[in-house]
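Residue numbers for the sequence shown follow the working numbering, so the first one is 37 and each next one is one higher.
The C-beta atom is built at its ideal place from N, Cα and C for all residues, glycine as well.
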Amino acid sequence: MKTILNADLHCHSVVSDGTLTPEALAARAKANGVELWALTDHDEIGGQARAAAAAREQGMHYLTGTEISVSFIDRTVHIVGLGFDADDARMRDGLQRTRGGRGQRAHDMAAGLAKVGIKDAYEGALKFAGNHELISRTHFARFLVESGVCKDTNEVFRKYLTEGKPGFVEHRWASLKDAVTWITECGGVAVIAHPARYRFTPTEEYALFTEFKNHGGQGVEVVTGSHSAAEYVTYAETAREFGLAASRGSDFHSPDESHTDLGTLPLLPGGLQPVWELLESRIQ
Ligand code: AMP
Ligand code: MN
Ligand code: MN
Ligand code: MN
Numbered sequence: 037m038k039t040i041l042n043a044d045l046h047c048h049s050v051v052s053d054g055t056l057t058p059e060a061l062a063a064r065a066k067a068n069g070v071e072l073w074a075l076t077d078h079d080e081i082g083g084q085a086r087a088a089a090a091a092r093e094q095g096m097h098y099l100t101g102t103e104i105s106v107s108f109i110d111r112t113v114h115i116v117g118l119g120f121d122a123d124d125a126r127m128r129d130g131l132q133r134t135r136g137g138r139g140q141r142a143h144d145m146a147a148g149l150a151k152v153g154i155k156d157a158y159e160g161a162l163k164f165a166g167n168h169e170l171i172s173r174t175h176f177a178r179f180l181v182e183s184g185v186c187k188d189t190n191e192v193f194r195k196y197l198t199e200g201k202p203g204f205v206e207h208r209w210a211s212l213k214d215a216v217t218w219i220t221e222c223g224g225v226a227v228i229a230h231p232a233r234y235r236f237t238p239t240e241e242y243a244l245f246t247e248f249k250n251h252g253g254q255g256v257e258v259v260t261g262s263h264s265a266a267e268y269v270t271y272a273e274t275a276r277e278f279g280l281a282a283s284r285g286s287d288f289h290s291p292d293e294s295h296t297d298l299g300t301l302p303l304l305p306g307g308l309q310p311v312w313e314l315l316e317s318r319i320q
């Protein structure tokens, strides 16, 4: 296979909190020059068969993907899984359990919003959810924009959906160990998503990377839509320090909301092992 440079291994479809179908994402990735693509819906693999078929149709290489919500220390961390067997029951059951609490959480979020005068947010958010098992804060954000409470989803998160705000609800997700284990036991590679987003102290971040490696994690996102150019450099260094392979992904959700389009980020910095080199036998 010729060397792959333009890999985009992180994005979301209507099966989680994106606004495009797997087919529309595949077409958009191809149009933007993506050579290797992965759809990584939150806690879901329901779109994998469609995404793989669409990639084939577009003449683009494909890796299976998901982005697992994990509770670590006092916050939520995202672990991307790539190249696993999407038919393996260990992955299916693990993700189903991880998704399981989202319905009650959404009702609790709506109750918090009702206390500050925002009515019927559960029903409102549900209308935006393409998959009712996967109702997320993003769907609430879209509802609050539609109803004129905020001008954009960023403002909704800042005022209503982050820690300490009326629509925020503490939630227990998968453990780091479980997420990494499901991915690796099913033949895939686990990747720490957008590490700069967590705002951990250096000690906490060291703990995350160390435990992740101990559980069998092998990759970290270096070039992502969530990182600044300076953060590419920081996490390239972290990847080298911890002996992790590097991943690249836009985290594209929607043409209207995402500032980074599929396949348009800078290439990985030199001197790093691309994570897809660990997955050659898993590429479709
Ligand atoms: P959830 O899994 O329900 O907690 O929702 C998390 C999702 O919300 C993330 O995957 C992002 O798509 C979105 N999100 C988180 N923070 C922000 C933010 N500040 N602005 C816009 N979207 C955000
Ligand atoms: Mn999302
Ligand atoms: Mn994420
Ligand atoms: Mn994501």
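Same chain, Cβ closer than 7 Å to residue i, five either side skipped, listed in chain order
i: Leu149; result: Ala157, Tyr196, Pro202, Gly203
i: Asp53; result: His78, Ser172, Thr174, His175, His289
i: Phe278; result: Phe245, Lys249
Buried versus exposed, by CB contacts within 10 Å (16 or more), residue i
i: Met37; result: exposed
i: Glu71; result: buried
i: Ile109; result: exposed
i: His263; result: buried
i: Thr239; result: exposed
i: Gln140; result: exposed
i: Asp79; result: buried
i: His33; result: Outside the shown range of the chain (37 to 320) lies residue 33, about which nothing can therefore be said.
Rounded C-alpha distance that separates residue i from residue j
i: Gly329; j: Leu162; result: Examination of residue 329 is not possible in this model, given that the chain is present from 37 through 320 alone.
i: Glu273; j: Arg208; result: 31 Å
i: Gln309; j: Cys186; result: 42 Å
i: Ser317; j: Gly117; result: 15 Å
i: Gly223; j: Ile319; result: 12 Å
Pick from the options that is closest to residue i, judged by C-alpha positions
i: Phe248; options: Ser262, Val227, Val258; result: Val227
i: Ser172; options: Asp77, Ile319, Cys186, Leu314; result: Asp77
i: Lys321; options: Ala165, Gly166, His143; result: It is not possible to answer for residue 321, since the shown part of the chain is limited to 37 through 320.
i: Glu159; options: Ala146, Leu45, Leu170, Val269; result: Ala146
i: Asp123; options: Lys151, Ile81, Ala87; result: Ile81
i: Tyr98; options: Val113, Phe120, Ile104; result: Phe120
Residue i Cβ short of 7 Å to ligand 6 heavy atom set
i: His78; result: In terms of ligand content, the structure shown lacks ligand 6 and carries ligand 1, ligand 2, ligand 3 and ligand 4 instead.
Same chain, Cβ closer than 8 Å to residue i, five either side skipped, listed in chain order
i: Gln94; result: Ala62, Ala63, Ala65, Lys66
Beta carbon proximity, residue i to chain C, threshold 8 Å
i: Gln132; result: In the structure shown, chain C does not exist; there is a single protein chain.
Beta-carbon contacts of residue i that lie in its chain and below 6 Å, excluding the five residues immediately before and after
i: Ala243; result: none
Any heavy atom of ligand 4 within less than 6 Å of residue CB: hits in chain order: With 6 Å as the limit, the residues whose C-beta approaches a heavy atom of ligand 4 more closely than that are His46, His48, Glu103, Asp287, in chain order.
Contact set, ligand 1 heavy atom to C-beta under 5 Å: Those satisfying the condition are, in chain order, Ser172, Arg173, Thr174, Thr189, Asn190, Phe193.
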